[in-house]
Every structure is written in structure tokens, then in C-alpha cells.
């Protein structure tokens with residue numbers, strides 16, 4: 010629902026994402042805020058923000074595969090890891106600059122993800138969850154044994170550089186992550202409104218019906234995986250440059266479940282949902298990381314409880330949202346938007 | 029040749045352990061097409077409970093500890109159904125499977141918080157002496173566990189296919205609405221399925237952990253049993269025996285002949301490769317139901 014007095018007189022206006030002058034103002038203000046943020050945020054928060062941006066890209070990819078196209082993916086972290094390894098490989102062995110090696114990470118993750126997405130063509134629903142679950146274990150196996158990925162030691166990655174300027178400080182890395190995240194989210198917003206996005210939604214809602222409507226299931230289901238894992242690969246590339254080191258130990262099945270939790274909390278089938286869920290759960294994660302040691306120092310809880318707390322909180326949040334608000338935070342936000350736009354009238 | 033035969037025999041026993049875990053997946057799947065990703069955690073919970081009641085509490089006999097632990101496991105099954113799955117009746121299957129993921133994380137957190145993240149020595153319930161049959165020797169837990177698994181599978185297959193009470197569950201497995209309108213209580217059969225799953229988790233934990241170390245990291249067995257349930261066809265109770273033996277033998281052969289080539293690890297991912305192949309070429313498994321969908 011649009012604010013009062015907004016009318017579209019041309020198709021361009023009707024198609025636009027940003028509809029009113031106020032929205033334009035807020036949007037530009039937000040972008041400016043993103044640019045000036047490093048100047049007044051402490052370094053520690055900047056690091057958290059970088060991590061959030063990287064994960065956000067992977068979660069938006071997962072939202073496209075799972076939330077829009079309905080293809081369950083329980084291996085997004087493994088695809089992120091593949092992207093990180095491919096980027097590290099491109100940066101060290103091939104000596105490519107970061108603006109080439111990050112897309113190579115994306116393509117590598119896509120290729121790996123497609124292997125696990127192909128069964129989607131034959132089966133539906135939760136069988137797919139099982140093949141993507143296997144992705145994590147196959148990932149470990151491959152990365153530890155393939156000769157050019159450094160085995161158990163992992164690979165160190167050189168710093169990204171633009172014309173001799175090295176992106177090593179958290180501020181410079183922030184700009185790299187932030188710009189990439191904004192571009193990828195913009196791409197995702199466009200994609201889900203396009204013909205491809207509509208095909209994805211049709212497949213999610215009922216793939217038999219979609220096929221009858223003339224949607225090529227093989228093409229679109231595979232495409233959903235290619236795009237979703239490409240996002241994961243890009244996130245992996247940024248991950249490699251963020252830590253300057255890639256190792257199989259950075260990736261776990263738990264992270265994939267954590268990403269699924271983010272889209273459940275945010276709301277399935279909405280890019281905004283991916284953003285809300287990521288920010289909220291990342292906040293919760295950092296809060297527990299901060300609170301755990303504090304409580305331990307004060308001897309309120311024993312060691313290990315903080316570690317357990319992460320599992321309990323995440324499991325609890327997923328269960329709570331499934332029971333209380335299965336449509337996620339986006340649904341609540343949309344309801345709130347309608348209410349304040351109509352206020353003081355009830356409808 | 030003797031090595032080959034030994035690998036095959038050990039593979040059969042390993043496969044029977046897998047089929048015991050996979051049976052937990054099958055009964056839950058039959059109760060509403062839920063792929064239970066938390067089955068591995070249930071095995072861990074069972075392991076910790078049995079460890080607690082045998083080692084940490086002064087009970088006069090070890091079997092009392094096992095009985096109490098099994099009673100608690102059954103109770104856990106009831107709680108899971110009542111608290112987590114009954115509110116989701118009528119929700120899409122996606123929510124149900126996500127709920128098992130939430131359950132997995134929650135159970136793991138609760139286990140770490142209550143029992144600590146340390147490793148615990150599990151009591152030696154079956155003797156440490158290997159069972160020797162002719163030229164072969166077997167781990168005694170796996171050997172007796174295999175026999176228990178065989179009996180449980182046959183008993184459950186008889187229950188689901190031959191008794192009137194069990195046939196109701198098959199009706200629920202086919203369609204909730206139809207079963208409900210025939211006067212069968214769907215809630216009750218879902219509850220029974222979860223109780224069966226938790227108790228099977230307890231059995232599997234005895235066989236799996238006997239004389240070893242209990243740690244929450246071992247919950248991967250739940251994922252490793254997924255290919256077995258899948259190969260059997262998720263609805264088939266009897267099929268998990270066949271599928272378990274196939275996957276078990278394959279894994280042991282991979283361990284014996286492929287691991288030296290790939291520098292180890294092939295046996296670890298073998299079940300997952302089976303899973304991908306099954307999903308690609310025969311998604312309904314060996315004995316699963318072929319469902320025809322209409323728009």
C-alpha cells in the first residue's frame with residue numbers, strides 16, 4: 010500500500026521501487042550515512058559491520074534460492090567457503106586483482122552449488138535439503154585433499170589493492186564490503202521483480218502448475234541455485250579478503266542453519282526479510298559473545314554455558330518464530346506500515 | 029580375500045547400526061512427511077542420559093539406569109510432539125522440517141548446558157571382548173546391537189503392516205486428512221512416532237557409544253543415517269535393513285580400498301555420495317511409495 014496521494018501517471022513511475030520524494034530523501038540519507046559511518050564508529054563495531062555485510066550477501070542469495078524459488082539449501086556456508094577458496098586461489102596462484110578474483114569466487118561457488126542443485130530438477134521439497142546437507146561434508150573432503158588449496162593449513166590471501174593503495178585497515182575493508190553489499194542487494198531487488206523472479210515465485214507456490222503455465226522447470230530451478238550460490242561465492246570472496254586467510258575450519262554446518270534461521274526470522278520470500286533477519290540475528294550473536302564472558306567473569310554461569318547459549322538462543326528463536334510468526338518480521342513491518350499510513354483511520 | 033570378507037561382515041554390522049538410527053527417521057517421516065534432522069541429537073541425548081544414570085547416580089543395578097533413561101527419552105518424545113509439533117498442524121512441510129532444525133540446535137544447546145561440553149566415558153554395557161565367529165572377529169556392541177536392530181526392525185515392520193493398530197499409522201503416513209476423516213487420531217500417531225524415534229535413539233546410543241566417549245560432536249550419525257532412510261524409501265520400515273546393509277558394506281569397502289588412494293576420508297563421505305546418487309536417479313528409494321501429484 011502506498012502513501013496517500015501517490016499516483017503513477019507513467020509506466021516508469023509504476024515500476025519504480027522508490028516512489029515518493031520522502032522515500033528518495035530517506036534512501037539517499039541512508040546511503041550517505043553508510044559512507045560516513047566509519048568516521049565515527051569504533052574499529053570494533055566496524056569489524057562486526059563488515060562481517061554482517063558479508064553474511065548479508067550470502068543470506069540474500071539464500072533468500073533467492075529458498076525464499077523465492079522454494080528450493081531448500083542447507084549448505085550455503087559450504088558454498089560461501091567454496092567462494093572464499095576460489096578467490097584465494099585466484100588471488101595467490103593466478104595473482105589476479107580483487108575485482109577479478111571475487112567474481113571468480115562467485116562463479117566457482119555457482120559451479121559447485123549447481124552439482125547439488127541439479128537433483129532439484131528430479132525431486133521436490135525436502136529431498137533437496139538432503140543433497141545440500143551433503144554439500145558441507147563434500148566441501149570438507151575436497152578442500153582438505155585437492156592439492157592447490159593448502160590442505161589443513163589453509164591459504165593466506167594478499168590484501169586487496171586499488172592502484173597501489175592497500176585495503177588492509179577496517180575502514181577500507183568496510184568500503185569494499187559496503188559497496189559490494191549495496192550492489193548485490195540492488196541486483197537482488199531487481200531480479201526478484203523481473204520475469205525470472207516471477208518464475209521463481211510460481212515454482213515455489215506450485216511447481217506442477219508452473220510447468221503447465223509454460224515455465225521451464227529445469228532451467229529455472231537450476232538458475233535459482235546458480236544465482237543463490239553466486240551470492241554465497243561473492244560473500245566468500247569478501248570473506249577471504251576480510252580475514253586474509255581461508256581455512257576449512259571457518260565453515261561449519263551450523264552457519265548454514267544460522268543463515269536459514271535468518272530468513273525464517275526475517276520472513277521468507279522478501280529481500281527486506283533477509284536484511285532484517287541478518288541484522289537481528291547478527292546483533293543477537295554479538296550480544297551473546299559480549300555477554301557470555303562477562304557473566305563468566307562474574308561467575309554467574311560456568312564455562313561452556315555461553316557456548317551452549319548460542320545454540321539455545323538460535324534454536325529458541327527459530328522455534329518461536331515458526332510457532333508465533335511464521336511469516337517473519339517483514340509481515341509485522343508491512344502491517345505496521347499500512348497502519349501508520351492510514352492513521353488515524355482504521356482502514 | 030579374507031580382508032574383503034571381513035570388510036563385508038563389519039559393513040553389515042555397521043549397516044545394522046545405521047538402520048536403527050534410520051528407523052527413527054522413517055517412523056517420524058511416516059507421521060507427516062517430516063524429515064527429522066534432529067535424530068542425531070536424540071542419539072546424543074540418549075547417550076548422555078544413560079551415561080548419567082549409570083555412571084553418575086548411585087543406582088544398585090546398571091539396567092535400572094537404562095530403564096529410567098528410556099522412560100525419560102519416551103517422555104522427551106511426548107514433550108517434543110506436544111510443545112513443538114502440535115502448534116504446527118496445518119502449516120507447510122517447510123515449517124515442520126525447519127522445526128526439526130530448531131529442535132536440533134535447542135537440544136544441542138541444552139545438552140551442552142546440562143552435561144557440559146566435556147567428553148564423557150560411556151559405560152561398557154556389552155563386553156569389551158570381540159565376538160569371534162570362525163575367522164572373523166566383531167566388535168561385540170556392534171554384533172549384539174546388530175541383532176537388536178534386526179529384531180526391532182522386524183517387530184516394527186510386523187506392527188505397521190500386520191496389526192490393526194499399526195495399520196492406522198500407515199493411513200496417517202499416507203494422508204492426514206483422509207486418516208482424520210476415517211476416525212483415526214492423527215495427533216496420537218504423531219506422538220507415538222516421536223516416542224518411537226526417541227526410544228530408538230536411546231537404543232542406538234547404547235550400541236554406538238558402548239565403551240567409547242560420548243560427545244555432542246558424534247551427532248553426525250543422524251545425518252549419516254539419512255542416506256539409509258532415503259535409499260530404503262522414506263516410508264519403508266523393512267527397507268531400512270536392506271538399505272542399511274548396502275550403505276554399511278559400501279562404507280567399509282570404501283574405507284578398505286578407497287581410503288588409501290584418497291588419503292583417508294572417502295569412507296566419511298560415502299553415505300552422502302549414496303544420498304546424492306539416490307536423489308538423482310531413484311528419489312523414491314528401493315521400497316518407497318510413488319506418489320502421483322495433481323495440480
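Residue numbers (this note's numbering), protein chains in the order written: chain A, 10 to 356; chain B, 29 to 323. Ideal placement from N, C-alpha and C gives every residue a C-beta, glycine not left out.
Coil, strand or helix - residue i by DSSP
| i | result |
| --- | --- |
| residue 61 (chain B) | coil |
| residue 320 (chain B) | coil |
| residue 199 (chain A) | helix |
| residue 114 (chain B) | helix |
| residue 75 (chain B) | helix |
| residue 169 (chain A) | strand |
| residue 175 (chain A) | strand |
| residue 134 (chain B) | helix |
| residue 158 (chain B) | coil |
| residue 128 (chain A) | helix |
| residue 288 (chain B) | helix |
| residue 242 (chain B) | strand |
| residue 28 (chain A) | coil |
| residue 154 (chain A) | helix |
| residue 266 (chain B) | coil |
| residue 149 (chain B) | strand |
| residue 212 (chain A) | helix |
| residue 224 (chain A) | coil |
| residue 164 (chain A) | strand |
| residue 43 (chain B) | helix |
| residue 16 (chain A) | coil |
| residue 261 (chain B) | coil |
| residue 143 (chain B) | helix |
| residue 318 (chain A) | helix |
Short CB-CB distance (under 8 Å) between residue i and chain A
| i | result |
| --- | --- |
| residue 54 (chain B) | no |
| residue 64 (chain B) | no |
| residue 2 (chain B) | Within the shown structure, residues of chain B are numbered from 29 to 323, placing residue 2 (chain B) beyond reach of any answer. |
| residue 245 (chain B) | no |
| residue 126 (chain B) | yes |
| residue 291 (chain B) | yes |
| residue 119 (chain B) | yes |
| residue 183 (chain B) | no |
| residue 254 (chain B) | yes |
| residue 130 (chain B) | yes |
| residue 296 (chain B) | yes |
| residue 115 (chain B) | yes |
| residue 251 (chain B) | yes |
| residue 304 (chain B) | yes |
| residue 98 (chain B) | no |
| residue 26 (chain B) | In this structure chain B extends from 29 to 323, so residue 26 (chain B) is not present and cannot be described. |
| residue 242 (chain B) | no |
| residue 137 (chain B) | yes |
| residue 112 (chain B) | yes |
| residue 259 (chain B) | no |
Proximity test, Cβ basis, 8 Å: residue i and chain B
| i | result |
| --- | --- |
| residue 222 (chain A) | no |
| residue 269 (chain A) | yes |
| residue 156 (chain A) | no |
| residue 324 (chain A) | yes |
| residue 238 (chain A) | no |
| residue 90 (chain A) | no |
| residue 94 (chain A) | no |
| residue 363 (chain A) | A query on residue 363 (chain A) cannot be resolved here, the shown segment of chain A reaching from 10 to 356 and no further. |
| residue 254 (chain A) | no |
| residue 320 (chain A) | yes |
Classification of residue i by the beta-carbon crowding that lies within 10 angstroms, buried from 16 upward
| i | result |
| --- | --- |
| residue 147 (chain B) | exposed |
| residue 230 (chain A) | buried |
| residue 37 (chain B) | buried |
| residue 59 (chain B) | buried |
| residue 252 (chain B) | buried |
| residue 214 (chain A) | exposed |
| residue 186 (chain B) | exposed |
| residue 18 (chain A) | exposed |
| residue 37 (chain A) | exposed |
Cβ of residue i within 8 Å of any chain D Cβ
| i | result |
| --- | --- |
| residue 307 (chain B) | In the displayed structure, chain D is absent; the protein chains listed are A and B. |
Sequence ranges, alpha helix (DSSP H) only - wholly within the region 230–313 of chain A, length at least 4: The region 230–313 of chain A contains these whole alpha helix (DSSP H) runs: 262–275 and 280–306.
- request: Mind listing, in chain order, the continuous alpha helix (DSSP H) runs of no fewer than 4 residues lying wholly within the region 44–115 of chain A?
  value: The region 44–115 of chain A contains these whole alpha helix (DSSP H) runs: 52–71 and 85–101.
task: Please list the residues of the region 195–228 of chain A that have a C-beta atom closer than 7 Å to any C-beta atom in chain B, keeping them in chain order.
output: Flagged, chain order: 215, 217, 218 and 221.
Runs of beta strand (DSSP E) wholly within the region 158–201 of chain B (minimum 3 residues, chain order): The region 158–201 of chain B contains these whole beta strand (DSSP E) runs: 159–161 and 164–166.
query: Taking any Cβ of chain B, which residues in the region 62–78 of chain A have a Cβ under 7 Å from it, in chain order?
result: Answer in chain order: no residues at all.
message: Against chain B, which members of the region 100–128 of chain A pass a CB distance test of less than 9 Å?
response: Taking 9 Å as the Cβ-Cβ cut-off, the region 100–128 of chain A approaches chain B at 124, 125, 127 and 128, given in chain order.
task: Using a Cβ-Cβ cut-off of less than 7 Å, give me the residues of the region 70–98 of chain B that come near chain A, in sequence order.
output: Those residues of the region 70–98 of chain B that come within reach of chain A (Cβ to Cβ, closer than 7 Å) do not exist; the list is empty.
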